[in-house]
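K.L.:
What follows is a single structure, and I will ask about it in a moment.
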Ligand SMILES: *Cc1c(COP(=O)(O)O)cnc(C)c1O
């Protein structure tokens, strides 16, 4: 990789500023169309595969929430950006042997999809002396594949998180199924969210919507959108 010159940094800053403005406009337009206030939707920038220097530039442009999906990449990036006061969201498949590391920098773990993970996260949070906000990742894919708990298992998992020391139940997260209209899937997610909130009223987060489908997610009540490509540009195909 060639080191960035200061003019390269300025160009990248301009590019990120333009992208950020465009994403914020899309969010505002989708909120207006849905009769929602734009401040009801939180933008989480997904910085996977992009360098810490980009995270730093985005923070300078006012972004406060960033997400990563691999601990090996996230841990050093979060350490490099520790002075920025960002909230780090973990959004990838999480192995229990990575939980201790993730609990040291993440404020939100969006991809909680099984009991074993709840127990590991609780232990790690207690050891770190911090509270981890957890979202239940829901599988909206009837054919399975993109991770997450089956809808039928979500209420029990939510109860477990709510009852675990060191954890706080924030709500739900999902990825729209591939090759389907996202909207019916996001509507299913909204219904599950209503069921969870009937028992856990504080679990208000619905994290749904990415670069390609944030409008559909906002129309269906998403409170958090996770945007990578539209903010930072394309990634290599290998990483998805
Ligand atoms: C990569 C990723 C995103 C962002 O996807 P884009 O299409 O690049 O906006 C959102 N959520 C999760 C879980 C991801 O892994």
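Numbering (our numbering), first residue to last: 132 to 371. Just so you know, even glycine gets a beta-carbon here, dropped at the ideal spot from N, CA and C.
#1: In three-state terms, what does DSSP make of residue 361?
#2: Kindly indicate which three-state DSSP category residue 238 falls into: helix, strand or coil?
#3: By the DSSP assignment, the beta strand (DSSP E) with residue 338 in it spans what residues?
#4: Do you know whose CA, among 163, 307, 333, 165, lies nearest residue 264's CA?
#5: Short of 7 Å in beta carbon distance, which residues of its chain neighbour residue 192, apart from the five on each side in sequence? Order them along the chain.
#6: Would you mind listing the alpha helix (DSSP H) stretches within the region 209 to 280 that are 4+ residues and don't spill past its ends, in chain order?
#7: Beta carbon of residue 229, beta carbon of residue 202: below 9 Å?
#8: Starting from residue 375 and walking both ways along the alpha helix (DSSP H), at which residues does that stretch end?
#9: Would the region 241 to 248 count as touching the region 201 to 215 if we require 3 or more Cβ pairs under 8 Å?
#10: Quick check: the Cα distance between residue 169 and residue 350, rounded to an integer number of angstroms?
#11: List in chain order the residues whose CB is within less than 5 Å of at least one heavy atom of ligand 1.
#12: Relative to the alpha-carbon of residue 189, which residue among 359, 274, 285 has its alpha-carbon at the smallest distance?
#13: Relative to the C-alpha of residue 343, which residue among 231, 362, 138, 352 is closest?
#14: Would residue 348 pass as a contact of residue 313 if the rule is Cβ separation under 9 Å?
#15: Write down the C-beta distance between residue 320 and residue 157 rounded to the nearest angstrom, noting that I regard them as a contact closer than 8 Å.
P.N.:
So, from the data block:
#1: The residue you call residue 361 lines up with position 230 of the chain shown. Helix, per DSSP.
#2: Along the chain shown, one-based indexing puts residue 238 at 107. Strand, per DSSP.
#3: Translated into positions along the chain shown, residue 338 becomes position 207. That run of the beta strand (DSSP E) goes 336 to 338.
#4: If you number the chain shown from 1, residue 264 lands on position 133. Closest by alpha carbon: 333.
#5: Stepping through the chain shown from its first residue, residue 192 is reached at position 61. Only 147, 148, 151 meet the Cβ criterion.
#6: 230 to 236, 246 to 259
#7: Here residue 229 corresponds to residue number 98 of the chain shown, with the count starting at 1. Here residue 202 corresponds to residue number 71 of the chain shown, with the count starting at 1. Yes. Within cutoff.
#8: Look at the range of the chain in this structure, 132 to 371, and you will see that residue 375 is not part of it.
#9: no
#10: Counting from one through the chain shown, the residue named residue 169 turns up at place 38. Counting from one through the chain shown, the residue named residue 350 turns up at place 219. Whole-angstrom Cα-Cα distance: 12 Å.
#11: 177, 200, 222, 341, 342, 357, 358, 359, 360
#12: Within the chain shown, residue 189 is the residue found at index 58, counting from 1. For residue 189, the nearest C-alpha among the options comes from 359.
#13: One-based indexing of the chain shown puts residue 343 at position 212. The residue with the shortest Cα to Cα distance from residue 343 is 362.
#14: As a working mapping, residue 348 is identified with position 217 in the chain shown. As a working mapping, residue 313 is identified with position 182 in the chain shown. Yes, the pair counts as a contact, with Cβ atoms nearer than the cut-off.
#15: On the chain shown, position 189 is the one that residue 320 refers to. On the chain shown, position 26 is the one that residue 157 refers to. With 8 Å as the limit, residue 320 and residue 157 do not qualify as a contact, their Cβ atoms being about 20 Å apart.
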